[in-house]
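Heads up, the thing below is written out as structure tokens.
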Amino acid sequence: MYGLINNSLKNMIQNKFGEEKWQEVLKISGVPEDSFLTMRSYDDALTYSLAGAASDVLGAPVDACLEMFGEFWVLETATKSYGVLLDAAGTDMLEFLSNMNALHDRITSTFLDYVPPEFYVEKNNSGHKIHYVSKREGLTPFVVGLLKGLALRFDCKLNILDQNRVDVEQGEHTIFFVEITSK
Amino acid sequence: MSKWADISWNQLQSLFSTVICVDKTMRIVYASNTVLRYLPDLGNKPLLRETFSILRPGKLETFADAIGSQDSLCLMTATNKKFAVRGQLIQSSYDNNDVMCFCGAPWLFWMSSNCPDVRLSMTDFTPQDVQLDQLFFMTTEKRMVADLENLNIELTEAKNELQVAHETQHRFFAQMSHEMRTPLNGVVSALSLLDPNHYDDRQRQLLTLAKSSSRNLMDVINYVLDLSKLELAGEEGESVFDLSKLTRSIMDILDAKAREKSLELRLELEPDLPQYYRGNTGRLRQVLLNLIMNAIKFTNKGSVTIEVLRVAGGASDCTLKFSVTDTGIGVADEAKQHIFKPFWSVQPEEGNHPDAGTGLGLDIVRRNVEDAGGQVGVMSELGAGSTFWFEWPLIMESDRAVINTAANQSAEDILEADLSGRVLLVDDNQTNLLLGTMILESMGVDVRTAENGAEAVAAALEDSFDLVLMDIHMPDFDGIEATRQIRKVKDEQDLPIVALTALAYDKEKETCIASGMNGYLTKPIVKNALAQELGMWLNRSARTTPAGAVEGHDEDPSATLAFTEVLDQAVLEELKIQIGQDNLKTVLTKVLTEATQRWEELIGAQSNGDKVVMQRHVHSLSSIFRSVGLMLAGNALAKIEIELRADNELESGWLAEFDKIRAPSMAALTETLEGMLSSVSTTTVGTN
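Listed in order, the protein sequences are those of chains A and B.
My numbering applies: residue 234 is where the first sequence begins, and numbers increase by one.
My numbering applies: residue 42 is where the second sequence begins, and numbers increase by one.
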């Protein structure tokens with residue numbers, strides 16, 4: 234993954250838990266560098282090591298850490314760094330989710346060798362089905378955090394009714410059954 | 042040649058979010074939804090120029106202009122300043138009429154900068170439009186630059202912390218070395234005063250062992266101190282030196298050692314070598330001393346020859362090659378690659394030398410040479426002798442270079458001269474006082490001692506001395522403070538004070554000079570170096586009087602401030618070097634005239650309450666005074682200027698108060714100028 238993600242994870246731990254905790258995470262993870270360059274591609278294993286170490290240090294399950302990170306990503310990193318693009322991607326949550334693929338298409342043209350996830354939205358009887366398809370594994374909790382962060386961003390109420398996993402050859406495909414209502 | 046679009050209307054709309062068609066009268070006859078969302082009032086077919094300001098192409102007034110601009114980028118901003126577009130013009134048809142069709146998208150960068158409150162949507166940009174990608178890239182690039190800047194800050198901070206830790210460590214080593222060296226000096230000196238003839242063989246062996254061990258320990262301590270000095274030195278001061286005198290003075294120092302072993306000590310300078318050079322004399326001297334001392338140490342028979350050649354250089358710089366060749370024990374081939382490394386020394390089985398030393402001297406040599414930008418090496422044959430050489434880059438100086446002849450006087454000359462005088466030796470260490478007194482008295486000098494700063498000040502003020510040798514590091518009342526106290530009463534000419542300390546750092550030298558000391562001498566006391574220093578200060582008649590200095594100036598009853606308090610002679614000396622004495626006289630004459638005139642005008646402006654004029658004169662006077670060394674007056678006016686600039690009220694009577702500085706300053710300058718003029722007239726009489 235790109236340094237952008239690792240930096241964001243670092244910022245989250247520093248902001249929410251302090252520099253000492255970050256140093257602990259870094260030490261436990263065995264990651265040698267303390268600084269990551271936004272545009273440099275790092276091995277995915279490094280990000281997973283950091284997430285695992287954060288789980289150890291913070292005493293929380295990895296899934297909970299990833300979810301917290303997803304929320305932080307939307308509300309802090311993406312909003313501060315790419316506010317204009319987020320604004321352009323939609324004025325409400327559904328519009329934003331519908332434009333997620335287009336947004337990732339454009340990211341792909343900037344971050345070379347980047348393999349983006351796919352998102353698509355289906356209307357169903359009780360609400361919406363959000364499909365998350367990725368070549369990577371283990372990041373579904375991160376997407377849960379993203380969805381919760383987006384709900385906060387657009388000031389709406391998100392209810393994740395269920396989530397199903399679809400068998401795929403590589404990575405994961407998760408379907409979220411959600412209700413999105415205005416507050 | 043006209044171009045007609047060969048794509049369908051739907052295809053056009055799919056490719057471009059922003060489409061605007063104008064007819065032959067340049068009225069807008071069609072606008073796509075994106076345009077209408079931001080500019081809803083286009084229904085009555087307004088003229089293009091009424092709706093948009095056209096930035097590019099330069100001329101787009103007629104339909105023909107539009108046809109001719111098809112290959113150009115088209116940039117238009119809405120006259121309401123809430124929308125802008127970028128794209129291209131193509132020929133097409135609408136409602137069966139020929140139209141020029143603008144195809145493009147909202148101009149993202151313009152809108153982000155000029156109307157950030159207008160929210161563009163991703164649907165305003167078709168997938169092929171790279172504007173959003175560019176925005177994404179630029180944002181990311183900004184983050185990237187921020188990353189690098191942060192990294193740079195982190196690295197700089199880490200480097201600074203490391204530097205501080207490094208310096209602290211070296212200062213600690215230096216301090217510890219100093220603390221160890223003082224008592225060890227006592228041991229080495231005391232052992233050297235014992236006469237071996239008074240003891241039996243066993244005792245003599247023990248004495249030899251004690252001497253050799255204490256010398257080795259001293260070498261190690263000196264090495265740590267030298268290393269720390271090298272590490273902390275930074276931009277060590279360079280000076281101009283006379284090569285011949287420098288090398289001869291080193292020979293003088295070591296001649297006795299060579300004679301002890303019946304060795305011939307020779308110096309061979311390449312003929313026609315320039316005389317003067319600029320470089321780090323102290324380090325060059327140290328390197329030569331180390332190499333020659335080593336050569337003497339490892340040579341039992343024959344000679345030690347020092348040779349100096351010029352090996353490279355241009356008009357103003359050159360590299361000198363110094364070689365020290367001995368007829369000693371030589372160095373084995375396998376040892377040559379290690380010999381400049383620390384703690385390597387000749388092993389008894391290799392060199393069969395009873396006193397191989399610590400093996401640290403050559404490491405210091407290498408470090409000094411490399412620090413000066415040179416290189417060092419050795420050629421040797423075991424049993425036949427060695428040549429240690431090094432190359433040292435230097436700047437050549439003309440013969441007019443300023444050379445302190447006293448400082449280059451050879452030690453031998455001075456030792457041969459009849460030294461007489463009275464010296465105040467200040468040190469808090471009894472051993473140092475005892476040894477120093479012994480050495481000084483052996484040179485025919487009358488000595489009085491003081492054990493701390495307070496005693497030194499009292500002695501210096503109540504008694505008469507030709508020189509004070511002042512230890513710097515003393516508890517409570519150190520040498521710097523003592524010097525400052527003495528200088529309040531006796532200036533540098535009345536009583537020379539030379540620092541005496543083991544920590545020879547540039548900053549310390551600066552502090553010594555700033556406190557009013559005349560010179561600097563490194564401990565332990567080396568007789569020859571001390572002799573040179575004494576030769577400079579005890580031979581009062583040989584001392585040069587700074588240009589313009591007038592004897593008896595501080596007896597002027599009209600001046601409340603002493604001559605040296607108001608006038609910094611060093612500034613005038615520097616000016617004299619830069620512009621020559623004749624020009625300096627002209628400058629001083631002008632300064633006196635202008636300063637008097639401005640002073641009168643300043644008084645006038647003060648009485649008129651004209652702060653602008655006051656500020657101008659205060660500024661000019663401050664600058665004039667400082668430029669000729671009247672620092673007290675210049676600095677006082679600089680403070681007044683700050684007050685005037687801040688529009689603060691000045692204290693009433695400030696002029697009278699300042700005049701207490703100004704008057705003696707002007708008197709000192711006048712006196713100096715008169716002194717210069719009278720010295721010229723004396724010379725003129727003499728030459729006639």
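Ideal Cβ positions, reconstructed from N, Cα and C, are used throughout, including at glycine.
Please read these numbers as outputs of a predicted model, since none were measured by experiment.
Residues, ordered as in the chain, of the region 333 to 349 of chain A that lie near chain B by beta-carbon distance below 9 Å = Ala335, Leu336, Asp338, Arg339, Ile340, Ser342, Thr343, Phe344
task = Would you verify that the beta carbon of serine 458/A is, or is not, closer than 8 Å to some beta carbon of chain B?
result = The requested residue 458/A does not occur in the structure, where chain A is confined to residues 234 to 416.
ask   = Checking contacts by CB at 8 Å: is methionine 234/A closer than that to chain B?
value = no
task = Kindly list, in the order they appear in chain A, the residues whose Cβ is closer than 7 Å to that of phenylalanine 178/B.
result = Thr343
inquiry  = Within a Cβ cutoff of 7 Å, which residues of the same chain sit near leucine 283/A, ignoring the five residues on either side of it in sequence?
reply    = Asn239, Leu242, Val258, Ser262, Val264
7 Å CB neighbourhood of leucine 391/A in its chain, flanking five on each side removed = Leu380, Lys381, Ala384, Val411, Ile413
ask   = Using CA coordinates, which residue listed in Gln327/B, Lys252/B, Ile683/B is at the minimum distance from alanine 231/B?
value = Lys252/B
ask   = What runs of the beta strand (DSSP E), each 3 residues or longer, lie entirely inside the region 327 to 399 of chain A?
value = 351 to 356, 361 to 367, 389 to 399
ask   = At a cut of 8 Å, does the region 460 to 479 of chain B reach the region 492 to 510 of chain B through at least three beta carbon pairs?
value = yes
request  = Could you confirm whether any beta carbon from chain B is found closer than 8 Å to the beta carbon of methionine 272/A?
outcome  = yes
request  = Please report the residue range of the alpha helix (DSSP H) in which isoleucine 131/B lies.
outcome  = Per DSSP, isoleucine 131/B belongs to no alpha helix (DSSP H); it is in the beta strand (DSSP E), 125 to 135.
key: Neighbour-count burial assignment, threonine 446/B, 16 or more Cβ in a 10 Å radius   = Model confidence at threonine 446/B stands at a pLDDT of 41, short of 50, so the residue's coordinates are unreliable; what they give is reported in the following sentence. Exposed, because fewer than 16 other Cβ atoms sit within 10 Å of the Cβ of threonine 446/B.
ask   = Does the region 345 to 358 of chain A touch the region 279 to 296 of chain A, meaning 3 or more C-beta pairs lie closer than 8 Å?
value = Judged by Cβ distances under 8 Å, the region 279 to 296 of chain A makes no contact with the region 345 to 358 of chain A, as fewer than three pairs qualify.
task = Determine whether the Cβ of leucine 22/B lies closer than 8 Å to any Cβ atom of chain A.
result = Chain B is shown only over 42 to 729; residue 22/B falls outside these bounds and no answer can be derived.
inquiry  = Just verifying my parser: in three-state terms, what is the DSSP assignment at aspartate 106/B?
reply    = helix
ask   = Taking Cβ positions only, does threonine 75/B come closer than 8 Å to chain A?
value = no
query = Nearest chain E C-beta to alanine 311/A closer than 8 Å, yes or no?
reply = Structure shown: chain E not included; protein chains present are A and B.
task = Identify the contact partners of valine 317/A in chain B, using a Cβ-Cβ distance below 7 Å as the criterion.
result = Ser153, Leu176
query = Of all the CB atoms in chain B, is at least one closer than 8 Å to the CB of serine 241/A?
reply = no
ask   = Can you tell me whether leucine 710/B is buried or exposed, with buried defined as 16 or more other CB within 10 angstroms of its CB?
value = buried
task = Give a yes or no on contact between the region 668 to 688 of chain B and the region 697 to 713 of chain B, applying the rule of three or more CB pairs nearer than 8 Å.
result = The answer is yes - the region 697 to 713 of chain B touches the region 668 to 688 of chain B, with three or more Cβ pairs under 8 Å.
key: Local Cβ density within 10 Å of glutamine 246/B, reported as buried at 16 or more and exposed below that   = exposed
ask   = Within this structure, are the beta carbons of serine 663/B and arginine 639/B separated by less than 8 Å?
value = no
ask   = So, using beta-carbon positions, are valine 488/B and valine 464/B closer together than 8 Å?
value = yes
ask   = Using the beta-carbon count (16 or more within 10 Å), is proline 294/A buried or exposed?
value = exposed
inquiry  = Am I right that cysteine 553/B and alanine 540/B are in contact with their C-beta atoms under 8 Å? What's the rounded C-beta distance?
reply    = 4 Å
request  = Establish whether the CB of alanine 287/A and some CB of chain B are separated by less than 8 Å.
outcome  = no
query = Using the beta-carbon of each residue, which ones in chain B are nearer than 9 Å to aspartate 320/A?
reply = Arg160, Leu161, Ser162
query = Any heavy atom of the ligand NAP closer than 7 Å to the Cβ of leucine 330/A?
reply = With respect to the ligand NAP, the structure offers nothing, as it holds no ligand at all.
query = Is phenylalanine 754/B helix, strand or coil when you go by DSSP?
reply = Here chain B comprises residues numbered 42 to 729, so residue 754/B is not present and cannot be evaluated.
message = So if I threshold CB-CB distances at 9 Å, which residues from the region 177 to 200 of chain B count as touching chain A?
response = Phe177, Phe178, Thr180, Thr181, Glu182, Lys183, Arg184, Met185, Ala187, Asp188, Leu189, Asn191, Leu192, Glu195
key: Every unbroken alpha helix (DSSP H) within the region 259 to 316 of chain A, with a cutoff of 4 residues, ordered by chain   = Within the region 259 to 316 of chain A, the complete alpha helix (DSSP H) runs of at least 4 residues are 277 to 291, 295 to 305.
ask   = Under 8 Å between the Cβ atoms of threonine 11/B and isoleucine 347/B?
value = Missing from the structure shown is residue 11/B; chain B here goes from 42 to 729 and no further.
task = Might you give, ordered along the chain, the residues of its own chain that have their beta carbon closer than 6 Å to the beta carbon of glycine 560/B, omitting 5 neighbours on each side?
result = Counting only Cβ-Cβ distances below 6 Å, and skipping sequence neighbours, we find Val539.
request  = Using three-state DSSP, classify lysine 362/B as helix, strand or coil.
outcome  = strand
task = Answer with yes or no whether the minimum CB distance from glycine 173/B to chain A is below 8 Å.
result = Note on residue identity: the sequence assigns leucine, not glycine, to residue 173/B. Yes, contact with chain A.
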